[in-house]
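Visitor: In our numbering, the protein residues as written are 9 to 456.
All C-beta atoms in this analysis are idealised placements derived from N, C-alpha and C, irrespective of residue type, glycine included.
This one's a predicted model, so the numbers in the text were calculated from it and none came from an experiment.
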Ligand code: ASP
């Protein structure tokens with residue numbers, strides 16, 4: 009058990025992800041990190057993640073147990089694996105903790121057909137008890153402090169008040185991530201990876217000065233290291249720059265984790281449990297761009313462009329709405345709509361045009377666009393990749409766009425679409441999918 013030094017009033021929330029808490033050895037690192045700063049008084053753990061590449065996350069085992077129970081099958085073999093993970097950790101840490109009744113109760117409820125959210129939440133709920141024992145902290149069941157309203161959204165007022173009240177004063181607390189209580193009084197989870205969201209909510213409720221999110225990488229890199237192996241780490245990024253980057257698929261952090269802390273201006277620090285001396289990435293409200301106008305470059309494949317052309321379309325009231333209505337009717341969101349005087353293009357993700365296991369929608373969409381606006385032509389260009397080059401103020405920094413497009417031209421990349429957005433912090437270009445790595449490397453070399 010740790011000795012808890014007295015805190016100076018500064019309060020930090022430390023959330024540890026699945027790989028950080030996967031084994032007894034990992035948890036010893038967690039203990040050292042928490043002990044190193046007395047301000048780390050609120051700890052939010054995930055369920056044990058993969059201990060090695062071929063391992064299964066405890067949360068996945070729990071969903072599997074739920075599925076077996078729903079089919080009337082015996083969950084004992086899967087439950088045995090869940091128990092073993094916890095018991096190995098307890099033994100490895102040398103804790104004297106009897107989880108027998110807690111495990112038996114969870115097993116019985118899941119076997120009896122308890123809901124999926126209840127089953128999945130047990131990973132965090134039970135692991136929280138172990139982490140609290142290790143850290144000498146008070147355990148607070150997330151079901152007692154995280155509340156959802158009737159629409160399934162976070163009941164902010166009730167949640168923040170409960171967290172503030174239960175964590176007031178001194179002492180160390182462990183609040184498991186990923187779940188809370190629904191308006192009907194049932195256990196309800198966030199979406200997968202949701203312990204990040206709990207960490208942010210706890211930071212907001214307790215009015216922390218910092219939300220540390222400890223994971224297995226030292227923060228974000230400027231771009232995909234599979235394309236640019238020497239990609240530099242991002243030391244500082246704003247909440248909104250991160251949104252632009254995560255929208256393109258650079259996810260280290262659950263995308264909903266930004267919102268609770270953003271409103272209160274609480275920075276998030278992404279840190280590496282395995283390299284605690286690395287500073288990681290700091291996510292802040294504003295930053296001084298200095299020389300570093302571009303903070304990150306994110307690219308994703310899998311888009312199709314539908315080009316609608318009609319002479320004098322710019323004078324036709326309601327043209328854009330009628331085209332977008334077609335997408336809405338088919339339940340397809342769009343990414344961008346670049347326009348010319350007689351052209352309107354729709355950039356749509358293939359995921360939505362060809363939903364897995366369902367009929368492709370493209371032909372129907374084109375037919376409906378023809379019927380809706382009687383265009384001169386409708387063309388389709390599949391196989392497009394989008395690249396977002398993101399950085400606060402870059403659009404105002406003279407010459408940024410010129411540098412970007414010169415770099416692409418020199419690399420012989422044909423730019424098929426440009427969208428500067430109105431946020432003044434990103435330039436999006438569309439290129440052939442096969443050009444994606446070349447384009448990202450060229451932009452990185454220009455701005456890194
Ligand atoms: N254990 C949950 C999951 O695997 C939540 C989390 O780890 O953030 O999705």
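Take the Cβ of residue 97 as the centre, count every other Cβ of all protein chains shown within 10 Å, and call the residue buried at 16 or more, exposed below.
Guide: Counting Cβ neighbours within 10 Å, residue 97 comes out buried, since at least 16 surround it.
Visitor: Could you spell out where the alpha helix (DSSP H) holding residue 372 opens and where it closes?
Guide: Element bounds for residue 372: 370 to 381.
Visitor: Assuming residue 27 and residue 57 make a contact with CB atoms under 8 Å, what is their CB distance in whole Å?
Guide: Residue 27 to residue 57, Cβ: 5 Å. Contact.
Visitor: Quick one: does the C-beta of residue 324 sit closer than 8 Å to a heavy atom of ligand 1?
Guide: Checking the Cβ of residue 324 against ligand 1 gives no.
Visitor: Among residues of its own chain, excluding the 5 on either side of residue 36, which ones have a beta-carbon nearer than 8 Å to its beta-carbon?
Guide: Answer for residue 36: 101, listed in chain order.
Visitor: So residue 397 is in the alpha helix (DSSP H); what residue range does that whole segment cover?
Guide: That residue, residue 397, is in no alpha helix (DSSP H); its beta strand (DSSP E) goes 385 to 398.
Visitor: Going along the chain, which unbroken runs of the alpha helix (DSSP H) with 4 or more residues stay wholly within the stretch 11 to 81?
Guide: Runs of the alpha helix (DSSP H) inside the stretch 11 to 81: 32 to 44, 66 to 78.
Visitor: Does the Cβ-Cβ distance between residue 327 and residue 355 come in under 9 Å?
Guide: Cβ atoms of residue 327 and residue 355: not closer than 9 Å.
Visitor: When you compare each of 54, 55, 30, 24 to residue 41 by their alpha carbons, which one comes out closest?
Guide: Closest option to residue 41, Cα to Cα, is 24.
Visitor: Name the two residues that bound the continuous alpha helix (DSSP H) containing residue 453.
Guide: Here the alpha helix (DSSP H) through residue 453 covers 444 to 455.
Visitor: Is it buried or exposed for residue 320, if we count other Cβ within 10 angstroms and need 16 for buried?
Guide: When all chains shown are included, residue 320 counts as exposed.
Visitor: At 4 residues or longer, what runs of the alpha helix (DSSP H) sit wholly inside the stretch 215 to 267?
Guide: You should have 247 to 254.
Visitor: Applying the criterion that 16 or more other CB atoms from any shown protein chain within 10 Å of the CB defines a buried residue, is residue 5 buried or exposed?
Guide: Because the chain spans 9 through 456 in this model, residue 5 falls outside it and cannot be assessed.
Visitor: According to DSSP, residue 327 sits in a beta bridge with which residue or residues?
Guide: Paired residue(s): none; residue 327 is not in a bridge.
Visitor: Out of curiosity, what's the CA-to-CA distance linking residue 425 and residue 448?
Guide: Between residue 425 and residue 448, the C-alpha separation is close to 15 Å.
Visitor: Return yes when the Cβ of residue 343 is within less than 9 Å of the Cβ of residue 386, no when it is not.
Guide: Cβ distance not < 9 Å, so residue 386 and residue 343 don't count as in contact.
Visitor: Check for me: the alpha helix (DSSP H) holding residue 197 runs from which residue to which?
Guide: Careful: residue 197 lies outside any alpha helix (DSSP H), inside the beta strand (DSSP E) at 195 to 197.
Visitor: What's the gap between the Cα of residue 186 and the Cα of residue 143?
Guide: When rounded, the distance between both Cα atoms is 20 Å.
Visitor: For residue 435, count the other beta carbons within 10 Å of its own beta carbon; 16 or more makes it buried, fewer makes it exposed. Which is it?
Guide: Residue 435 should be labelled buried.
Visitor: Check for me: the beta strand (DSSP E) holding residue 309 runs from which residue to which?
Guide: Per DSSP, residue 309 belongs to the beta strand (DSSP E) from 304 to 317.
Visitor: Jot down the residue ranges of each uninterrupted alpha helix (DSSP H) in the stretch 159 to 197, minimum 4 residues, whole runs only, in chain order.
Guide: List check, alpha helix (DSSP H) in window: 164 to 174.
Visitor: Under 8 Å, with one C-beta from each stretch per pair, do the stretch 175 to 186 and the stretch 159 to 166 reach the 3-pair mark?
Guide: Contact between the stretch 175 to 186 and the stretch 159 to 166 is absent, because fewer than three Cβ pairs lie under 8 Å.
Visitor: Residues bridged to residue 285 by DSSP?
Guide: Beta-bridge pairing links residue 285 to no other residue.
Visitor: Is the closest heavy atom of ligand 1 to the C-beta of residue 186 under 8 Å?
Guide: Residue 186 Cβ: within cutoff of ligand 1.
Visitor: The beta strand (DSSP E) with residue 404 in it runs from where to where?
Guide: Where residue 404 is concerned, there is no enclosing beta strand (DSSP E), given that its DSSP letter is neither H nor E.
Visitor: Run the proximity test for residue 204: is its beta-carbon closer than 8 Å to any non-hydrogen atom belonging to ligand 1?
Guide: Yes, the Cβ of residue 204 comes within 8 Å of a heavy atom of ligand 1.
Visitor: Helix or strand or just coil, what does DSSP make of residue 427?
Guide: Here residue 427 sits in strand by DSSP.
Visitor: Sort 32, 391, 230 by Cα distance to residue 92 and report the nearest one.
Guide: Considering only alpha carbons, the answer is 32.
Visitor: Under 8 Å, with one C-beta from each stretch per pair, do the stretch 410 to 423 and the stretch 190 to 209 reach the 3-pair mark?
Guide: Counting Cβ pairs under 8 Å, fewer than three are found: no touch.
Visitor: For residue 57, verify whether its CB is less than 8 Å away from any heavy atom of ligand 1.
Guide: Yes - ligand 1 has a heavy atom lying nearer than 8 Å to the Cβ of residue 57.
Visitor: What does DSSP give as the partner residues of residue 147 in its beta bridges?
Guide: According to DSSP, which records beta bridges pairwise, residue 147 is partnered with 182.
Visitor: Straight-line CA distance for residue 457 to residue 44?
Guide: Nothing about residue 457 can be reported from this structure: the residues present for the chain run from 9 to 456 only.
Visitor: Based on DSSP bridge pairs, tell me the residues matched to residue 155.
Guide: Paired residues: 189.
Visitor: If you count every other CB in all the chains shown that lies within 10 Å of the CB of residue 49, and 16 or more means buried, which is it?
Guide: Buried, by the Cβ-count rule.
Visitor: Regarding residue 200 and ligand 1, is the C-beta to nearest heavy atom distance less than 8 Å?
Guide: Yes, the Cβ of residue 200 comes within 8 Å of a heavy atom of ligand 1.
Visitor: At a threshold of 8 Å, does residue 317 count as lining ligand 1 (C-beta to nearest heavy atom)?
Guide: Not under cutoff, so the answer is no.
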